[in-house]
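A short worksheet on the structure shown next.
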Amino acid sequence: MEFKKTLSTATLLLASTFVLAACGGADTETETESSAAASSEVVVESSSEASSTAAELQDGTYTLVEKNFDTRGWKTEFSITVVDGKITASTYENVNEAGEKKSEDAEYQANMTGKVGLGPAEYFPALNNQLVEKQDPEAVEVVTGATNSSETFKKYAQQLVDAATVGETDPIEVDNVVEE
Numbered sequence: 000m001e002f003k004k005t006l007s008t009a010t011l012l013l014a015s016t017f018v019l020a021a022c023g024g025a026d027t028e029t030e031t032e033s034s035a036a037a038s039s040e041v042v043v044e045s046s047s048e049a050s051s052t053a054a055e056l057q058d059g060t061y062t063l064v065e066k067n068f069d070t071r072g073w074k075t076e077f078s079i080t081v082v083d084g085k086i087t088a089s090t091y092e093n094v095n096e097a098g099e100k101k102s103e104d105a106e107y108q109a110n111m112t113g114k115v116g117l118g119p120a121e122y123f124p125a126l127n128n129q130l131v132e133k134q135d136p137e138a139v140e141v142v143t144g145a146t147n148s149s150e151t152f153k154k155y156a157q158q159l160v161d162a163a164t165v166g167e168t169d170p171i172e173v174d175n176v177v178e179e
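Here it is in structure tokens:
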């Protein structure tokens, strides 16, 4: 009887482990573009008082550009505008060598939408709006289906906020590594 009870308990424990392992799988959202961006300029009279940035932001326009085009021919151009110590505009875009915007590329938009349900025309405005609303890159939530773009946006937004904290308006050039 003791053996059956121990065996039943062990079986139940093993089954529970398998169920939890199967349900808790890795979060592997994928995205078909490499560096985030789509044009959308968001200008908002920011009434958000909740800013988790420790230092006051200096008024001005702060710009970041990637030096290299990715394997699909895009590179990021990103700027924020600060007025009265608040981010009032955010423009995050990828451009190709001809200066065309990824957010306006109908073929790219259709391919992304077909694969993940949305494209740069949707997720870039969402990211820009969140930054203006929340005033904190870390508070920007990842857009489902655009995980890599969201993470790149947050990383670059933090660099721009850091520049705004000290009033450094010279463009930030990112020597992004392009893997073949």
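Using numbering that gives the first Met the number 0, the first residue of the sequence shown is number 0, and each one after it goes up by one.
Using N, Cα and C, we set each Cβ at its ideal position, and we do this for glycine too.
Check: Nonlocal neighbours in the same chain, by C-beta distance under 7 Å from Gly166, ignoring five residues either side; Outcome: Gln57, Gly59
Check: Whole-Å CB distance - Lys74 paired with Asp174, under 8 Å assumed; Outcome: Contact doesn't hold; Cβ gap of about 11 Å is too wide.
Check: Helix, strand or coil at Asp174 [DSSP, three-state]; Outcome: coil
Check: Thr146 at chain B interface by Cβ criterion, 8 Å; Outcome: In the structure shown, chain B does not exist; there is a single protein chain.
Check: Backbone CA spacing between Thr62 and Lys154 [nearest angstrom]; Outcome: 14 Å
Check: Sub-8 Å separation of Gly118 and Glu96 beta-carbons; Outcome: no
Check: Where Leu63 sits in the DSSP three-state scheme; Outcome: strand
Check: Buried/exposed call for Asp104, threshold 16 Cβ in 10 Å; Outcome: buried
Check: CB-CB length for Glu92 against Lys85, believed under 8 Å; Outcome: About 22 Å separates the two Cβ atoms, so there is no contact after all.
Check: Continuous alpha helix (DSSP H) stretch holding Lys74: start and end; Outcome: Segment 74-82 is the beta strand (DSSP E) holding Lys74; no alpha helix (DSSP H) there.
Check: Rounded distance between the beta-carbons of Ala163 and Val81, thought under 8 Å; Outcome: 5 Å
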